[in-house]
Every structure is written in structure tokens, then in C-alpha cells.
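Data block below; observations after.
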Amino acid sequence: MNSFFLSIALICGGGLATLFICRKFILMKTVAVSVISIGCALGLIDAVVKLLNPGLYVVSFEYLKLFSLSFQIDSLSAFFLIAIYAVSLLATIYSFHYLNKPEKTLRVAANYLFFSLLIISMALVVTAANMIAFMLSWEIMSLSSFFLVIYDHESAENRKAGYLYFVFSHVGAMFILVAFGILYGYSGSILFSSGSTIPDSAKILVLILSFVGFGSKAGVFPFHVWLPHAHPAAPSHISAVMSGVMIKTGIYSIVRLYASLNLHTPLFGEIVLVAGMISGILGVVYALGQHDLKRLLAYHSVENIGIILIGIGIGMLGVSSGKPVMAVLGFSGGLLHVLNHAIFKSLLFMGAGVVIQKTGTSTIDMLGGLLKKMKITGLTFLVGSLAISGLPPFNGFVSEFFIYLGGFNGVGLDKTVFVLSIMAIVSLAIIGGLALACFTKVVGVVFQGEPRSSRAMTVDEKGPTMLAPMLILAAACVVIGVFPQMFIALAVKAVPVSALGYGRIPMEPFIQVTGNITLAATIFFVILLALLALRLVFYRGKTIGSSGTWGCGFTQPTTKMQYTGTSYAASILAFFRPAAPLQEDHPAIHGRFPQKTHYHSHIDDIAERHMTRVVVNPVLWLFDRLRWIQHGDIHLYIGYILLAIVVLLFFV
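Residue numbering for the sequence shown follows the working numbering, beginning at 5 and increasing consecutively.
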């Protein structure tokens, strides 16, 4: 564990150093990016080594002989650490040119400080071995990410996003605390490993309560309400980390607690699978109706969390049905999708960040034609779009393929498992089709066609530290898609097989499947290269002319005649109108010479509409009633502290 804590110390040092040298903007960024990157690289290497050499690495710190903070790294923790450190490393490098406003030097310094705390807390969450260490790390993660969300705090919309995230984080934490309280009440121990000794009825209650709490952080429908507000508000490298890895700590916690409780009832698997199907379908439907680029990507996080939960739910049903092949396929497919989503979603958020920084807008229908001047951004964004749509030969296809295989293994079973397996397969197909439609819209409207506003006309692609991470992530999407054997092996190693009652997992069937994927991808690329070579030979020495495209009878076409994102998605959204009601504002046109008019549409998130009324508004009302406590009198504040200490003494 020495390398792990050394990486934590370096990351912390990189964040703290910015406070002392914040007056020298370039030096501050150079030191922060260099030290945090070194810490992330060291942690990444250590995690890979530990996953390739499975074992249990444990360390514990005792505090005043009252409790201990225990941390451990096993194969599951190491797998999530790889995703955390890899994405954080590239996001740190990306931030060097992204945070390029010297007039906001103190704010940038604070950003690096809270960013370092976020990385550290995520790493500690996935290594915590007892409830106190977990909740302490979880709370640091929530608070540091809150301050990162409100980076541009002058905007009322960003402040609202921060408050919404704060409320959902702590309501979710309350559910987790109640679940841990029940666990401690029955077992008398703060260790997660003690969960297997409590009664089955208590285990079910703990799993359901914790699923609400962890699902709130993961962005599971209907607890995702904060997510489409917070991700667009945060800087793009923070959005990449929050969407790519922070929300996955919720997935980690669900798998960890399920394995620790050793309760193989089909009920929890059914809950997880149904939640995954609903999240996946509605997440991509709401994404289709968005006009803001980062908000659209945020809803795709809900969709992909749904895909991950479908895989994990299939794995849980496989365990409860006594089908180890189905269980391992489901869990390994879900875990591999954790890594794959971290890669392509980080790539997409970084690409969106370049677009927003260069054009000054995130409104999809104000962009267009960017591929002509932003070739690297456009091509890498295209790779990420194909990967998130689950198309071969990219990484998203591989993980979804293994989840499909797990679902097909459940089709041969009886009753409930059969029905849920069929529903899971159909849901994955629907999600994939809708995701492809959504990213056809994004790539077509943002990067192709002609500029729809002056903002999209004068752009450039400067900033090598922003482009390099995107190229690395795009390459990773292709490498995992073409050569998935090593990566699926890592995912299989991460499955907590001993806790699920299985011994060693034979890798031969996985090697055969991944070998077939590699063969198919190789054939695809050989044919593609052959066609390109034939094209070069055929057109060699020939002059290729150019002329205007057919204007469909219009002699003076304008950019307003292009498809908009709204018109492209309208027919699909009409089918899902009961779950995604459309609000439109377009005054009727009257007379032969009508005046200038407008059109605006908005898709209502039914969860946001109801959760705001049921959760957010009551919590804010309660806080308003308690505002009298904060009156500025330091003497009464000291009195509050003394009173809290006296009350705590009764329990200690």
C-alpha cells in the first residue's frame, strides 16, 4: 500500500502547492499539472500491478482507540482505481490549456485544490474497508465536487446546479447512513465483511436503502435529477471526471455491498436490472431532446449507468439461479463497461469543452461546420460517438456484447429470469439504436453542414494539452475494440468470485470470444484499407472537380434551411411523448406577410418535475426555517460547539 499512499500524497501536494504560488499563473498551473499527473501515473501503475497480481493489501489507522480507518485493495478496488487514475491523469493534462484565464488565477488555484481532493477521495472510497473510512471519503468526494460544480459561481444557473447536487448528495448520504446503521446494529462491527452475519431480512433492507443512496450518486433514474444540471455547469475536464469515474463510485459501492452481504436472493437482482432498463431507455430519450451539448452528454451518463446496471443485474440473477456463466458474463460485461464508459465519455466531454471554449456556446443549433477547422476534435468526437453507440470495432461494442451474452444465457431459464432476460436484450437494442440516432444528430449538426451562427465561423484548434488526451482516449476506444482480450481478462479478475461462491474462473471461453472479435475487426480494417488503396490507385493522376450541391430547387439556400437538432429528433421523441412530454412555444403565423416569429421546445424530465416537488423544495424549505441559527454571533457559535460536544459525550 506504500505506492498507493505515495500517489495520494503527491496528488494532495500538487493541489496544495497552487495556494502558495497562485500569483504566478503559468508556474502554478505547471506545478499543479505536473505533480498531480505524476501522482495519478504512480497510482495507475500500482493499480495495474495489483490487479495483475491479485491479493488483499490492507492497512489500518487507529484513532484515539475509538475507531480505526481501514483501507484495502483487492481486485475489484484495483479495477476501479485504474479507471479513476487514468481519467484523472488525462483530465489534469487537459486542464492546462483549458483553464487559460489569468484574471481568474485564485479561482483556478482553488479548482486544482478541490480537483486533487476529488481524485484522492474517489481513490479512498473504492479502497475503504469499514463504514467510517467510507463515509469520511464519500463526504469529502461530495463536498469537493460541489465546489468544482460552482466554479463559475456568478451564474445563477450554475449556483442552482450546485445546490441541487448538494441536496441530492446529502439526501443520498442519509440513506447510506441508515443502511450502515442497520448493518452495525445487527453485526456490532463497522467492517463491511461483517455484513454476511446479519439476518436475511436485514440484508434486503440494507441493500434497498443503500441502492437509493448509491444510485443517487450514480445517476440512476429517478435519482439522476442533479446530474444534467451539474455536469454542464462544471468545467469540461471536471465534467469528464465526474461523468467518467465519480458516478462509478456508486456502482462500485453497490457491487461491494452485494458481495459483502452474501445474499443471493433474486429480488435485488430484479430491482437492479429493472432500474437499469428504465435508466438506459429514458436517459437516451431525454438526451435526444436536449439542445445543450454538455446537457445531452450528461443524460447519456444516465443511459450508460443503465447499461452497467443491466449487466450487473444479469450477473446477480445468474448467481441466484445457480448459473455461473451467466453471472460472470453479466458482471464482467458491466465492469468492462465501467472502464469503457470512462474512456469514451471523458473523450466526448473533452471534445465538447474544446468546442465550447472556441465558439463560446454550447447550444447545438448555433454550431455547424466545425469539422473543417477542428479536424482532430471532430474525428476524435466521432470515434467517441461510435463507441458510445455500441458499434464495432470500438470498445463500447465489446462490453455490451458480453452483457448480451449474459442475457442470452438467461433466456434458457424459467419464468421471471426468462422474462427479464428477454426484456434486458430488447432494452439494450433500443438503447443502442436511440444512442446512434442521438449522436448522428450531434455529429451532423455540430461538425457537419455549414456554420449556423457567427460563433461557429471563426474557430481554431490551438491547445496541444487539450488535444493530446483526446487522441489518447480515441486510440484507447479503438485498441480495446480490436484487441479486447486483455481488458476483458482484467474485468473478469475484478469480479468478486469468492464472495459469490465461485472458485477460479476459466479464461478459455473468454479468450475464444475475444479472439473472434479481433479476427472480425482485423478483416474489417483489411477491407477498409484495401478500398482506400483502390481509391488512391483509381484517382491517381485524375483531376477531381468540384461544384455546388443541388439546392432542391432553391436558388439562394441559407444555413437556416439545414436540419436542426430539434427537427431531426422530433419524430423519435413523438413516440416517447408519454414519458418525455414536449413543451413548445411558437406563436401562430397570421396573414400574407407574417411578422418575425420564433420557436422553442423543451423536453420535460418527469423525474425532475416530481423529485423537485417531493425532495428538493421541502429540503430547501427546511433550510430556510433553520436560517435563524446563522446570525453572525461568534459567542453563540462557540455555544453550539460546546453543546454538540456535551451531547456526543453521552454516546461516547
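No residue lacks a Cβ here, since even glycine has one placed at the ideal position from N, Cα and C.
Item                                                                                                              : Value
Residues near Y644 by beta carbon distance below 7 Å, same chain, minus five either side                          : none
Inter-stretch contact (C-beta, 8 Å, three-pair minimum) for the stretch 507-523 and the stretch 359-367           : no
Residue from G569, G410, G18 and A498 with nearest C-alpha to S425                                                : G410
Minimum C-alpha distance to L73 - residue among L93, F196, A472 and A222                                          : F196
Three-way DSSP call (helix, strand, coil) for V62 in this model                                                   : strand
Among V37, K33, L48 and Y256, nearest to F8 - alpha-carbon criterion                                              : L48
For F353, the first and last residue of its enclosing alpha helix (DSSP H)                                        : P328 to T363
S193 Cβ short of 7 Å to the ligand MG heavy atom set                                                              : Absent from the structure shown: the ligand MG. Ligands present: none.
Span separating the alpha-carbon of V501 from that of F118                                                        : 36 Å
Coil, strand or helix - D589 by DSSP                                                                              : strand
Reference V499; option with closest CA among G355, F84, W230 and P473                                             : F84
Identity of the residues DSSP links to S74 by a beta bridge                                                       : S64
Collapsed DSSP secondary structure at A263 in the structure displayed                                             : helix
Own chain residues within Cβ distance below 8 Å of L20, not counting five before or after                         : L117 and S120
S324: first and last residue of the uninterrupted alpha helix (DSSP H) it sits in                                 : L297 to S324
For S7, the three-state DSSP class (helix, strand or coil)                                                        : helix
Nonlocal neighbours in the same chain, by C-beta distance under 7 Å from A306, ignoring five residues either side : Per the sequence shown, residue 306 should be read as Val rather than Ala. So the qualifying residues of the chain are G223, F225, H228, L231, S283 and G287.
Span of the alpha helix (DSSP H) around I25                                                                       : Looking at the DSSP string, I25 is not in any alpha helix (DSSP H), and its letter there is neither H nor E.
Bridge partners - L696, DSSP secondary structure assignment                                                       : Nothing about residue 696 can be read from this structure; the chain reaches only from 5 to 656.
Those residues which DSSP pairs with H604 across a bridge                                                         : D589
The alpha helix (DSSP H) enclosing Y102, as first and last residue numbers                                        : S79 to Y102
Alpha carbon of V171 to alpha carbon of I642, nearest angstrom                                                    : 26 Å
Contact under 8 Å by Cβ, A472 with I97                                                                            : yes
Residue closest to V1, alpha-carbon to alpha-carbon, out of T616, F401 and L440                                   : Here the chain comprises residues numbered 5 to 656, so residue 1 is not present and cannot be evaluated.
Proximity to F71 [Cα-Cα], best of M615, G192, I124 and K33                                                        : G192
Simplified DSSP assignment, three categories, for T547                                                            : coil
Cβ distance (whole Å) where L211 is taken to contact L261 below 8 Å                                               : 7 Å
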